[in-house]
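Participant: Here's a structure for you.
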């Protein structure tokens, strides 16, 4: 069986019902690709979590939960792909409402003034009552969706990938491959054979950017122009 068929078979019964924005999807042809890819990633993450939590010998439970934004503050390397960037621009500009929207615009303004080395947390992290929440949670990148920790919550400033790698979820590759396969038409790869080769060769990873160090001036400009209409 081909690589493409193997991946599709693995995901066929487990992909969650994805988010739907019918009018936007009809207008933005790339949006269904992103939403479908994210639903596959979410299904894969849940599958992987279930596999870990049912291991009777270790009895590990997911430590991540609402209000925990530690990884948003400690991680200086968060992979971001062009299709995901388009999704963030769309969501922040057209779907985000007040007061979250105004708070994000202010953080973007401050981020543009501050030196990059002083930027200590993701610009999309909302700090609330000692905790944190993601202002773009529905459209957060694959790397954020897949980062999950078991056992205990992360300590202040801790990156468990380095301090306790065994507690960090290892994503199931078939789901990740399937999700990136779905994204490929955005990059002009539509032929099935070319898709299979692109996934095998990791071609999409040549497009990766870094979310924390990305220049978000363009997003602020687009949001302000949209609001001035």
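Residue numbers (the numbering used here): 65 to 293.
Glycine included, each C-beta is placed from N, C-alpha and C at the ideal position.
For residue 250, I'd like the list of residues in its chain whose CB is within less than 6 Å of its CB, leaving aside the five on either flank, ordered along the chain.
Facilitator: Counting from one through the chain shown, the residue named residue 250 turns up at place 186. 94, 97 and 147.
Participant: CA-CA distance, residue 290 and residue 220?
Facilitator: Within the chain shown, numbered from 1, the residue matching residue 290 stands at position 226. Within the chain shown, numbered from 1, the residue matching residue 220 stands at position 156. Answer to the nearest angstrom: the Cα atoms are 37 Å apart.
Participant: Compare the C-alpha of residue 240 against each of 216, 224, 266 and 168 and name the closest.
Facilitator: Translated into the one-based positions of the chain shown, residue 240 becomes position 176. Answer by Cα proximity: 266.
Participant: I'd like the span of the alpha helix (DSSP H) that includes residue 135, first residue to last.
Facilitator: For this step, residue 135 is matched to residue 71 along the chain shown. That run of the alpha helix (DSSP H) goes 134-138.
Participant: Could you check the C-alpha separation between residue 149 and residue 121 for me, to the nearest Å?
Facilitator: As a first step, residue 149 is located in the chain shown; it is residue number 85 there, counting from the start. As a first step, residue 121 is located in the chain shown; it is residue number 57 there, counting from the start. Computed Cα separation, rounded: 41 Å.
Participant: I need the straight-line Cα distance from residue 268 to residue 165, nearest angstrom please.
Facilitator: The residue labelled residue 268 in the question sits at position 204 within the chain shown. The residue labelled residue 165 in the question sits at position 101 within the chain shown. If I take the Cα positions, the gap works out to 31 Å.
Participant: At which residue ranges does the region 184-264 contain complete alpha helix (DSSP H) runs of 4 or more residues, listed in the order of the chain?
Facilitator: 206-210, 224-227 and 237-247
Participant: Hey, how far is the Cα of residue 137 from the Cα of residue 115?
Facilitator: Position 73 of the chain shown, counted from the start, is the residue given in the question as residue 137. Position 51 of the chain shown, counted from the start, is the residue given in the question as residue 115. Cα to Cα, residue 137 sits roughly 28 Å from residue 115.
Participant: Suppose you measure from the CA of residue 163 to the CA of residue 99; what does that come to, to the nearest Å?
Facilitator: Here residue 163 is taken as the residue at index 99 of the chain shown, counted from 1. Here residue 99 is taken as the residue at index 35 of the chain shown, counted from 1. Near 25 Å, if we compare the C-alpha coordinates of residue 99 and residue 163.
Participant: Out of 262, 145, 191 and 207, which has the shortest C-alpha to C-alpha gap to residue 273?
Facilitator: Position 209 of the chain shown, counting from 1, holds the residue named residue 273. Checked all of 262, 145, 191 and 207; the closest Cα to residue 273 is 145.
Participant: Rank 157, 284 and 293 by C-alpha distance to the C-alpha of residue 170 and give the top, closest one.
Facilitator: Counting from 1 along the chain shown, the entry for residue 170 is found at position 106. It is 284 whose Cα lies nearest to the Cα of residue 170.
Participant: Are the region 222-232 and the region 100-112 touching by the rule of at least three beta carbon pairs closer than 8 Å?
Facilitator: No: fewer than three Cβ pairs fall under 8 Å.
Participant: Classify residue 155: buried if its beta carbon has 16 or more other beta carbons within 10 angstroms, exposed otherwise.
Facilitator: Here residue 155 corresponds to residue number 91 of the chain shown, with the count starting at 1. In this structure residue 155 is buried. Its beta-carbon is surrounded by 16 or more other beta-carbon atoms within 10 angstroms.
Participant: So, under 8 Å CB-CB, residue 210 and residue 105 are touching, yes? Tell me the CB distance rounded to an integer number of Å.
Facilitator: Position 146 of the chain shown holds residue 210. Position 41 of the chain shown holds residue 105. Rounded, the Cβ-Cβ distance is 7 Å, consistent with contact.
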